[in-house]
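Take a look at the structure set out below.
Chains as they are written, first to last, in this note's numbering: chain A, 1245 to 1357; chain B, 304 to 416.
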């Protein structure tokens, strides 16, 4: 149990376009989901906390107008990278909270050309 | 400033040897997590430590938590090549219902034949 999926697993887009990443909890409901970004050979950095039915809470330094988060249901949160630039290329990982343990999705590798 | 410090950051060891990875954190917390990450993959949960003195073991890995010392250890016994990966500790540094995880920088473990 406690499976989290992400889609797509890999995406390449052109600079200036927008990309949407989906995070789904498959066998449980998650009031809270988290979005992380990981650059090569670095640790995970929390970008934002996504709460179902309310606005996301962004970490300091993360542009909320650039990284749009929507948590419309108890099993789905989406992250939209707007007007993507090459520096946004990274590994994006979501997690879903279940009883104070986070279950991680398989990640989405974004490459902006 | 809230900090989670792991050491060593790089660990190269021979098969059959024992070693310990340390995770120090800078403020009170009752929840500490250990994760494994293989190259190009997301996180795999290893251990959740929820109380002072907690000790958990799975195969060749054993984790412990000392909340008074703000220290957790991940002990590797008789290492095998399959344990090669990056290991992260993460601490819930906020507590209560408004929680988030702060990750250490990770320990890249290489087990050599």
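We put the beta carbon where it would ideally sit given N, CA and C, even for glycine.
Closest Cα partner of residue 1269 of chain A within the set A:1263, A:1305 and A:1249: A:1249
Please tell me whether residue 1356 of chain A and residue 1259 of chain A are closer than 9 Å, where the distance is taken between their beta carbons. yes
Rounded to whole angstroms, what's the CA-CA distance from residue 1287 of chain A to residue 395 of chain B? Just pull it up for me. 16 Å
Look at the alpha carbon of residue 1282 of chain A and the alpha carbon of residue 1318 of chain A, and state the distance between them as a whole number of angstroms. 25 Å
Chain-order list of residues whose beta-carbon lies under 6 Å from that of residue 350 of chain B (same chain, five-residue window excluded): 337, 359 and 366
Helix, strand or coil: which one does DSSP assign to residue 1345 of chain A? strand
For the beta strand (DSSP E) holding residue 1303 of chain A, just list the boundary residues, first then last. Premise fails: residue 1303 of chain A is in no beta strand (DSSP E) and is neither H nor E.
Between which two residues does the beta strand (DSSP E) harbouring residue 359 of chain B extend? 358 to 361
When you check each C-beta in the stretch 345 to 361 of chain B against every C-beta of chain A, which residues fall closer than 7 Å? 345, 346 and 351
Do you know whose CA, among B:308, B:322, B:334 and B:311, lies nearest residue 1344 of chain A's CA? B:334
Per the contact definition of three or more C-beta pairs closer than 8 Å, is the stretch 1332 to 1350 of chain A in contact with the stretch 312 to 323 of chain B? no
Beta-carbon spacing of residue 1321 of chain A, residue 1246 of chain A below 9 Å: no
Using DSSP's beta-bridge definition, name the partner residues of residue 415 of chain B. B:317
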